Each structure stands twice: as structure tokens, then as C-alpha cells.
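So the sequence shown is numbered by numbering that gives the first Met the number 0: it starts at 0 and just counts up by one.
Each residue gets a CB set at the ideal place from its N, CA and C atoms; glycine is no exception.
Since the structure is predicted, the reported quantities are computational estimates derived from the model, not experimental observations.
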Amino acid sequence: MKNLIFVLFIMMMGMNVYAGAGMQRIDLTYEHSMRIPFRVIEIKLGSENRNARDYYIKVIAKHLRGVNTSNGEYTYDIEENIIPIEKEYFDRIYNELLELNFAEIVRESETYAVADGYTVTITFGPHSDITLFLRTPDHRAGMRQVTVIIEELFDKVGLLEWYR
């Protein structure tokens with residue numbers, strides 16, 4: 000049954016990529032379970048429209064300040080930065096994501112449990128219809144491809160020291 004679902008998933012993904020005349024985006028969200036500064040980092044790659052030559056990386060870092068005593072909710076300081084990039088850089092990262100070994104990622108995820116650490120969510124595709132949710136990917140050999148992409152993006156935006 001798992002094999003059938005996986006084959007259908009890959010077929011649907013292939014159809015979506017082939018049919019993708021829509022805008023391409025890559026959204027990466029990093030959340031650490033313990034770290035106070037830079038607890039949540041969002042890295043978004045894209046352009047304003049699909050015909051544009053002006054591509055960018057938008058970085059949003061959320062610093063946990065503490066708990067609001069009046070309502071008990073967490074409060075954050077938010078830092079935003081936009082870095083211009085070449086379309087070729089975006090295309091290279093996008094194609095590297097498409098070439099990931101999804102079967103290996105699924106196999107690695109089935110047997111891996113983690114209590115603390117960090118999660119990385121990567122959403123991409125012509126209609127943002129492919130999502131990878133990974134728990135502490137740098138600790139597993141089958142995740143090496145995706146870890147290299149994550150490290151490159153963190154380095155590009157100057158936050159490599161905060162990854163892991």
C-alpha cells in the first residue's frame with residue numbers, strides 16, 4: 000500500500016512540475032525547539048511574477064522575547080531583510096530540490112524519532128505544492144542532499160552560525 004501511495008505521489012508531483020506555468024517559489028522555515036534568539040527563521044526565494052528577472056531572498060528571523068503576562072502568549076521581535084539574487088541562482092537551488100531522492104527521505108523519516116532539536120519545512124513547486132517536513136535532517140545520512148541545500152541558503156543570508 001505504501002508503495003502504491005508513493006508511486007501516485009511521484010506521478011502527481013511530476014504532472015505538477017510539468018504543468019507548472021505558475022510562479023516558482025521556495026519557502027524554507029527553520030524552527031528550533033530550544034533556542035531563544037533566531038528560534039524561527041524563514042527564508043523565501045522567488046520573484047514578484049514569473050516573467051521577472053529580479054529574484055530575491057527574503058529572510059524573516061523571529062527572536063523570542065518571552066511570554067506576555069497579560070495573555071500568556073509568546074512575543075517576538077521580528078527582523079526582515081531582502082537580498083537580491085540572480086535568476087540562475089534560484090533555478091539551481093530549485094533544480095537541486097527537484098533532484099532530491101524522495102524515496103530515501105521517506106525511508107529515513109519512517110524510522111527516526113526526535114524529542115528536541117529543530118525542524119525544517121521546505122515548500123516549493125510551481126504552485127507551492129511540494130512540501131518536505133524534516134526533523135533534524137543533518138543527523139541522517141539519507142538527508143545529506145537536502146542538508147547541503149539548507150546550509151547553502153543559511154550561508155547565503157549570513158546565518159550559517161545559527162543553523163543547528
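Cα-Cα separation between residue i and residue j, rounded to whole angstroms
i: residue 109; j: residue 121; result: 18 Å
i: residue 185; j: residue 160; result: There is no way to answer for residue 185, as the model of the chain reaches only from 0 to 163.
i: residue 57; j: residue 43; result: 5 Å
i: residue 47; j: residue 53; result: 8 Å
i: residue 162; j: residue 98; result: 23 Å
i: residue 70; j: residue 23; result: 39 Å
i: residue 59; j: residue 103; result: 30 Å
i: residue 100; j: residue 89; result: 20 Å
i: residue 37; j: residue 157; result: 12 Å
i: residue 127; j: residue 106; result: 23 Å
i: residue 119; j: residue 85; result: 24 Å
Sequence-distant residues of its chain with Cβ nearer than 7 Å to residue i (five each side left out)
i: residue 64; result: 74, 75, 76
i: residue 150; result: 159, 162
Cβ shell of residue i (< 6 Å), same chain only, five flanking positions each side left out
i: residue 148; result: 95
i: residue 83; result: 55
i: residue 41; result: 28, 59
i: residue 78; result: 60
i: residue 123; result: 25, 96, 129
Outcome for residue i when other beta-carbon atoms lying within 10 angstroms are tallied against a minimum of 16
i: residue 153; result: buried
i: residue 45; result: buried
i: residue 33; result: exposed
i: residue 81; result: exposed
Which of helix, strand or coil DSSP assigns to residue i
i: residue 134; result: strand
i: residue 20; result: Annotation note: pLDDT 45 at residue 20 (below 50); position unreliable, no value reported.
i: residue 72; result: coil
i: residue 78; result: strand
Cβ neighbours of residue i in the same chain (closer than 8 Å, five flanking residues each side left out)
i: residue 136; result: 119, 142, 145, 146, 149
At 3 residues or longer, what runs of the beta strand (DSSP E) sit wholly inside the region 95-128?
Complete beta strand (DSSP E) runs here, min 3: 117-124.
Start-end ranges of the alpha helix (DSSP H) lying completely within the region 23-70, minimum 4 residues
none
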